Amino acid sequence: MRPLKHLFGIADVDREQIEYLVNLGHSFIDVNRRAIKKAPTLRGKTVINLFFENSTRTRTSFEIAGKRLSADVINISASTSATSKGESLLDTGMTLAAMQPHVLVIRHSLAGTCQLLADYLPDTALVNAGDGAHEHPTQVLTDLLTMKQSWGSPEGKVITIVGDISHSRVARSHLLAAKKLGYTVRLVAPKTLLPSQVERYGCEVYHDFDAAIPGSDALYMLRIQTERLTDNCAFPSVREYHEAYGLNGKRLRAAGSDCMVMHPGPMNRGVEIATDVADSVQSHILSQVEHGVAVRMAVLTALCGGAGEEE
Amino acid sequence: MSLLQIQNGHLIDPANAIDAIHDLWVEDGRVVAVGAFDRAADQTIDASGKIVCPGLIDMHVHLREPGQEWKEDIESGSRAAVAGGVTSICCMPNTGPHIDHAGVARQIIERARQVGLCNVHPIGAVTKNLEGKELTEMRELTRAGCVAFSDDGMPIWHAGVMRKALEYSASFGYMVIQHAEEKQLTKGGAINEGWVSTQLGVAGMPAVGEDSMIARDIMLTALSDARYHVAHISTAGAVDLVRSARARGLKVTTEAAPHHFALTEDEVLGYNADAKMSPPLRTEADRQAVIEGLRDGTIEVIATDHAPHHEDDKRCGLSCAAFGIVGLETMLPVSLDLVRAGVLSMSDLIAKMTSNPARLLGLNAGTLSVGAEADVVIFDTGAEWVLDRNRMVSKGKNTPWHGKTMTGRVSHTLKAGRVVFAEGEIID
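First to last, the protein sequences are chains A and B. Residue 15 in this note's numbering sits at position 13 of the first sequence; the count goes up by one each step and never skips. Residue 239 in this note's numbering sits at position 190 of the second sequence; the count goes up by one each step and never skips.
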């Protein structure tokens with residue numbers, strides 16, 4: 003397998019690397035369920051979580067992942083407006099890199115954050131924890147581990163992603179992963195929430211949620227940002243959005259009892275997903291959260307020299 | 050005074066339909082003869098194997114002075130110009146203060162005279178403060194030396210203001226140059242909207258943002274029998290609009306920037322901020338349409354939109370990086386690709402960088418007629434060199450051609466008979 007120096011996105015990893023990370027993540031699930039949740043794998047390693055966007059689950063997930071592997075984990079929450087503080091991002095990155103961490107985990111609203119930093123931080127492994135509307139690779143690895151638990155392999159399965167595809171880094175990472183791993187992505191959204199020429203990913207595009215449900219093996223609901231209402235008239239009201247694109251009990255019944263319900267969180271109950279669906283037996287939303295820790299342990303392990311390998 | 054003979058060059062002077070091996074004779078800053086002359090030269094330049102043509106005119110340049118001299122100033126911009134074979138530039142009014150008062154225009158012209166390397170013709174603002182609300186004192190600005198009007202970078206969005214601007218400037222014979230961009234459609238965008246913007250997760254600027262404003266402006270131009278010039282045309286739709294307006298006899302003209310006929314949006318893959326400008330690099334179909342517009346004459350002018358920026362304004366990520374690239378030093382070699390590809394004859398290409406912009410702007414330049422000021426460029430069409438941004442003359446190093454091989458190189462630039470650039474050196 004090609005060694006992993008960074009994790010910028012699904013675009014930069016091949017099938018073998020993806021499967022390696024998912025399988026390694028799988029092996030960490032048990033560690034996380036033990037009474038003593040600690041392994042010495044990353045002893046002496048320093049991991050900095052640098053989050054420029056609000057995030058509870060992803061940051062906590064990386065933090066727990068690092069700590070359970072005995073790494074020294076430092077969390078930094080820096081606030082910044084959209085893309086205006088790009089230069090301070092570079093300075094912050096270089097400053098932290100000068101403190102010699104092994105891994106820098108970064109979330110920023112700027113698409114291409116890791117690509118920007120990499121030129122200036124040659125000796126630090128960079129992990130993209132979400133960059134603008136570009137990629138969110140560890141979320142997709144998390145989802146793949148969750149699917150693995152249910153299906154074994156995602157190959158041939160149909161994952162229907164519903165919501166604001168335009169601004170979704172998760173959707174983009176899934177579209178790239180689908181091609182590499184052989185599953186189908188269906189996108190469901192009004193045209194106002196779909197990016198230009200998205201069909202060129204080789205996905206199926208629907209505007210009618212009900213038409214997309216038959217044949218779906220998973221319904222993957224994206225968080226809808228209500229700012230989009232006022233920002234760019236993407237949809238007229240939450241009420242209408244929920245009617246047209248929300249996952250309710252009726253739609254879940256139409257999908258059948260084997261269909262997985264997924265959501266990268268945080269959920270807007272009553273908007274993109276009804277409460278009874280979110281809490282149903284078909285919901286894998288909390289499993290996704292659990293698997294997120296395991297997969298991030300795998301990513302940190304791989305970047306710090308791989309399981310059982312010396313640097 | 051000394052008599053200079055530029056010997057054995059392939060002389061191309063589109064305004065006089067000259068395209069042959071001729072000597073060019075220069076004395077007292079002016080062309081005194083083309084071909085044979087009855088006196089012996091005091092000084093000669095051997096131009097064997099090279100093209101000799103009028104000094105280039107770049108009608109779309111940002112000199113940044115006054116106000117942003119850390120990006121470029123009149124001196125550094127003039128030096129970059131002559132290094133690229135350009136002897137006349139038109140500078141855009143988005144300086145600080147803006148060129149919306151005669152005093153600013155006079156100051157720029159005076160400073161350019163002190164530098165003495167190339168002609169600088171200001172383009173006056175259409176509206177005060179480039180706010181798109183109140184017209185500037187256009188007549189006064191023309192008396193101070195402004196040669197056209199534009200709110201470049203700040204499209205004139207208000208249809209009523211645009212109508213009045215076209216009517217008023219046309220009353221004095223001047224054109225309005227529009228940076229055509231419907232900002233309601235491009236808001237937040239950094240690159241062309243399409244497959245590339247989708248993959249990068251970066252907000253895009255749709256081609257229709259350019260096209261829709263040009264369509265409206267053409268209708269207003271027809272209404273007012275005015276003169277309208279589309280700056281840096283970049284889309285297939287816009288080229289079609291201009292072509293059909295011209296076929297109807299409207300006074301609509303346009304220019305293309307080298308990057309729009311040489312590069313596509315693929316350049317920004319990898320988040321390359323040095324390929325970010327407005328309008329953005331478009332698709333291959335758009336690039337081909339711009340080339341076709343150049344070929345069939347719809348696009349009469351090549352102009353660079355030279356937009357120097359400091360490194361800090363570029364290395365902050367694609368979405369927040371400043372728009373614009375430098376162009377003066379790459380204009381000629383990049384444009385020569387059009388000749389190599391068989392799109393244009395050498396004479397037609399040179400016309401788009403000399404006599405055509407001179408005619409549109411009423412400049413006394415762009416020709417080697419006997420008696421004309423001897424602004425001359427001598428270049429080698431086949432010389433290959435690798436562009437190193439750190440060796441560029443402009444203060445701006447923001448170019449997508451860093452490390453690329455350029456074919457075609459300026460060997461000499463003469464301004465009013467004086468050699469101001471020779472074999473890689475600027476002669477102040």
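Just so you know, even glycine gets a beta-carbon here, dropped at the ideal spot from N, CA and C. It should be emphasised that the depicted structure is a prediction, and the values quoted were computed from it without experimental measurement.
TODO: If I'm right that B:ILE94 touches B:ILE55 with Cβ under 8 Å, what's the distance once you round it to whole angstroms?
DONE: Reading the second sequence from its first residue, position 45 is the one you call residue 94 of chain B. Reading the second sequence from its first residue, position 6 is the one you call residue 55 of chain B. Rounded to whole angstroms, the Cβ separation of B:ILE94 and B:ILE55 is 5 Å, and the two are in contact under 8 Å.
Task: Proximity winner among B:PRO63, B:GLY104, B:MET141 and B:GLY250, relative to B:ARG113 (alpha-carbon distances) - done: Taking the second sequence and counting its residues from 1, the one referred to as residue 113 of chain B is at position 64. Nearest of B:PRO63, B:GLY104, B:MET141 and B:GLY250 to B:ARG113, Cα basis: B:MET141.
TODO: Just mark B:ASN439 as buried or exposed, buried being the case when its beta carbon has 16 or more other beta carbons within 10 Å.
DONE: Position 390 of the second sequence holds residue 439 of chain B. It is exposed - the Cβ of B:ASN439 has fewer than 16 other Cβ atoms within 10 Å.
Open item on the list: Beta-carbon within less than 7 Å of A:CYS116's beta-carbon, same chain only, minus the 5 sequence neighbours each way: which residues are those?
Closed with: Residue numbering aside, residue 116 of chain A sits at position 114 when the first sequence is read from its first letter. Cβ neighbours of A:CYS116 beyond the five flanking positions: HIS8, PHE10, ILE108, LEU128, ASN130 and ASP133.
Open item on the list: According to DSSP, A:ILE50 sits in a beta bridge with which residue or residues?
Closed with: Position 48 of the first sequence, counting from 1, holds the residue named residue 50 of chain A. A:ILE76 and A:LEU106.
- [ ] Report the neighbours of B:LEU330 on chain A: residues whose CB is nearer than 9 Å to its CB, in chain order.
- [x] The residue labelled residue 330 of chain B in the question sits at position 281 within the second sequence. When 9 Å is used as the limit between beta carbons, B:LEU330 is near no residue of chain A, the shortest such separation being about 15 Å.
TODO: Indicate the three-state DSSP secondary structure (helix, strand or coil) for B:GLU507 in the structure shown.
DONE: With chain B covering only 50 through 477, there is no way to say anything about residue 507 of chain B.
Task: Cβ separation of B:GLY98 and B:LEU381, assumed to be a contact under 8 Å, to the nearest whole Å - done: As a working note, residue 98 of chain B is residue 49 in the second sequence. As a working note, residue 381 of chain B is residue 332 in the second sequence. Cβ atoms of B:GLY98 and B:LEU381 stay farther apart than 8 Å, at about 16 Å.
Open item on the list: Quick check: the Cα distance between B:VAL287 and B:SER384, rounded to an integer number of angstroms?
Closed with: Reading the second sequence from its first residue, position 238 is the one you call residue 287 of chain B. Reading the second sequence from its first residue, position 335 is the one you call residue 384 of chain B. Residue identity check: residue 287 of chain B is Ala in the sequence provided, not Val. Their backbone Cα atoms lie some 20 Å apart in a straight line.
Open item on the list: Can you look up B:MET417 in the DSSP assignment and give me helix, strand or coil?
Closed with: Here residue 417 of chain B refers to the residue found at position 368 of the second sequence. The sequence as given places Leu at residue 417 of chain B; Met does not occur at that position. It is coil, neither helix nor strand.
Task: Pair within 8 Å by beta-carbon distance, A:LEU314 and A:MET96 - done: No answer is possible for residue 314 of chain A: the residues shown for chain A start at 3 and end at 313.
- [ ] Output the boundary residues of the alpha helix (DSSP H) element that contains A:MET223.
- [x] As a position in the first sequence, residue 223 of chain A is number 221, starting the count at 1. Taken as a continuous stretch (DSSP letters only), A:MET223 belongs to no alpha helix (DSSP H), being part of the beta strand (DSSP E) at 220–223.
Open item on the list: Only counting the same chain, and skipping five residues up and downstream in sequence, which positions put a Cβ closer than 8 Å to that of A:LEU305?
Closed with: For the purposes of this step, residue 305 of chain A is taken as the residue at position 303 of the first sequence. Cβ within range, chain order: LEU6, LYS7, HIS8, LEU9, HIS104, VAL105, ALA127 and VAL129.
- [ ] Name the two residues that bound the continuous beta strand (DSSP E) containing B:LEU73.
- [x] As a working note, residue 73 of chain B is residue 24 in the second sequence. Segment 67–76, the beta strand (DSSP E) holding B:LEU73.
Open item on the list: Using a Cβ-Cβ distance cut-off of 8 Å, determine whether B:TYR320 contacts chain A.
Closed with: Along the second sequence, one-based indexing puts residue 320 of chain B at 271. Taking Cβ atoms only, chain A reaches closer than 8 Å to B:TYR320, which makes this a yes.
Open item on the list: Please classify A:LYS87 as buried or exposed, where buried requires at least 16 neighbouring CB atoms within 10 angstroms.
Closed with: Counting from one through the first sequence, the residue named residue 87 of chain A turns up at place 85. Caution is warranted here: a pLDDT of 48 is assigned to A:LYS87, below 50, making its placement in the model unreliable, and the coordinate value is therefore given only provisionally. Counting Cβ neighbours within 10 Å, A:LYS87 comes out buried, since at least 16 surround it.
TODO: Please say whether A:LEU147 and A:GLY46 have beta carbons closer to each other than 8 Å?
DONE: In the first sequence, counting from the first residue as 1, residue 46 of chain A sits at position 44. In the first sequence, counting from the first residue as 1, residue 147 of chain A sits at position 145. No, the Cβ-Cβ distance between A:GLY46 and A:LEU147 is not below 8 Å.
- [ ] Indicate whether the contact test is met: 3 or more Cβ pairs, each with one atom in the region 147–158 of chain A and one in the region 180–198 of chain A, closer than 8 Å.
- [x] As far as the Cβ criterion goes, the region 147–158 of chain A touches the region 180–198 of chain A, which means the pair count is three or higher.
TODO: Taking a Cβ distance cut-off of 7 Å, strictly less, list which residues of the region 228–246 of chain B are near chain A, in chain order.
DONE: Cβ proximity to chain A below 7 Å picks out GLU242, GLY243, TRP244 and SER246 from the region 228–246 of chain B.
Open item on the list: Distance check for B:ALA132 and B:ILE475, CA to CA, integer angstroms please.
Closed with: Counted from its first residue, the second sequence places residue 475 of chain B at position 426. Counted from its first residue, the second sequence places residue 132 of chain B at position 83. Their Cα atoms are separated by approximately 7 Å.
Open item on the list: Please state the DSSP three-state secondary structure of A:SER111.
Closed with: Taking the first residue of the first sequence as position 1, residue 111 of chain A is located at position 109. DSSP, reduced to helix, strand and coil, places A:SER111 outside both helices and strands of the structure shown, so it counts as coil.
Open item on the list: For a test of the three-state rule: what should DSSP assign to A:VAL240, helix, strand or coil?
Closed with: Taking the first sequence and counting its residues from 1, the one referred to as residue 240 of chain A is at position 238. Correct three-state label for A:VAL240: helix.
- [ ] With 9 Å as the C-beta to C-beta threshold (strictly closer), list the residues of the region 361–372 of chain B near chain A in chain order.
- [x] From the region 361–372 of chain B, only ASP361, ASP362, ARG364, CYS365, GLY366, LEU367, SER368, CYS369 and ALA370 have a Cβ closer than 9 Å to chain A.
- [ ] Step through the CB atoms of chain A and report whether any lies within less than 8 Å of the CB of B:VAL251.
- [x] Position 202 of the second sequence, counting from 1, holds the residue named residue 251 of chain B. So, interface residue.
Open item on the list: Residues in the same chain with beta-carbon distance under 6 Å from B:VAL11, minus the five sequence neighbours each way, listed in chain order, please.
Closed with: Outside the modelled stretch of chain B, which goes from 50 to 477, sits residue 11 of chain B, for which no answer is possible.
Open item on the list: Short of 8 Å in beta carbon distance, which residues of its chain neighbour B:LYS453, apart from the five on each side in sequence? Order them along the chain.
Closed with: Along the second sequence, read from residue 1 onward, the residue named residue 453 of chain B stands at position 404. Close CB contacts of B:LYS453 within its chain, under the 8 Å cut and outside five residues either way in sequence, are with VAL435 and LEU436 (chain order).
TODO: Starting from the C-beta of A:HIS293, find all residues in its chain whose C-beta is less than 6 Å away, skip the five residues before and the five after it, and write them out in chain order.
DONE: By one-based count along the first sequence, residue 293 of chain A stands at place 291. The residues are THR144, LEU147 and THR148.
- [ ] Kindly indicate if chain B contains any beta-carbon less than 8 Å away from that of A:GLY315.
- [x] In the structure displayed, chain A extends from 3 to 313; residue 315 of chain A sits before or after that span and is not available.
Open item on the list: Residues in the same chain with beta-carbon distance under 6 Å from A:ASN250, minus the five sequence neighbours each way, listed in chain order, please.
Closed with: Locating residue 250 of chain A in the first sequence gives position 248, counting from the first residue. So the list reads ALA276, once near-sequence residues are dropped.
Open item on the list: Counting only Cβ pairs nearer than 8 Å, list the residues of chain B close to A:SER198.
Closed with: Your numbering for residue 198 of chain A matches position 196 in the first sequence. Here the neighbours are GLU242, GLY243, TRP244, SER246, THR247, GLY253 and PRO255.
TODO: Report buried or exposed for B:LYS363, applying the criterion of at least 16 other Cβ atoms within 10 angstroms of its Cβ.
DONE: In the second sequence, residue 363 of chain B corresponds to position 314, counting from 1. Buried, because 16 or more other Cβ atoms sit within 10 Å of the Cβ of B:LYS363.
- [ ] Would you kindly report the start and end of the unbroken beta strand (DSSP E) that includes A:GLU206?
- [x] What you label residue 206 of chain A is simply residue 204 of the first sequence in a count that begins at 1. Segment 206–208, the beta strand (DSSP E) holding A:GLU206.
Task: Buried versus exposed call for B:ALA69 [16 or more other C-beta atoms within 10 Å across all chains shown] - done: Residue numbering aside, residue 69 of chain B sits at position 20 when the second sequence is read from its first letter. It counts as exposed.
Open item on the list: Can you pull out the residues from the region 246–275 of chain A whose beta carbon lies closer than 7 Å to at least one beta carbon of chain B?
Closed with: Close to chain B, meaning a Cβ-Cβ distance shorter than 7 Å, is no residue of the region 246–275 of chain A at all.
Task: Buried versus exposed call for A:ARG298 [16 or more other C-beta atoms within 10 Å across all chains shown] - done: Residue 298 of chain A sits at position 296 when you count from the first residue of the first sequence. By the C-beta density criterion, A:ARG298 is buried, having at least 16 other C-beta atoms within 10 angstroms.
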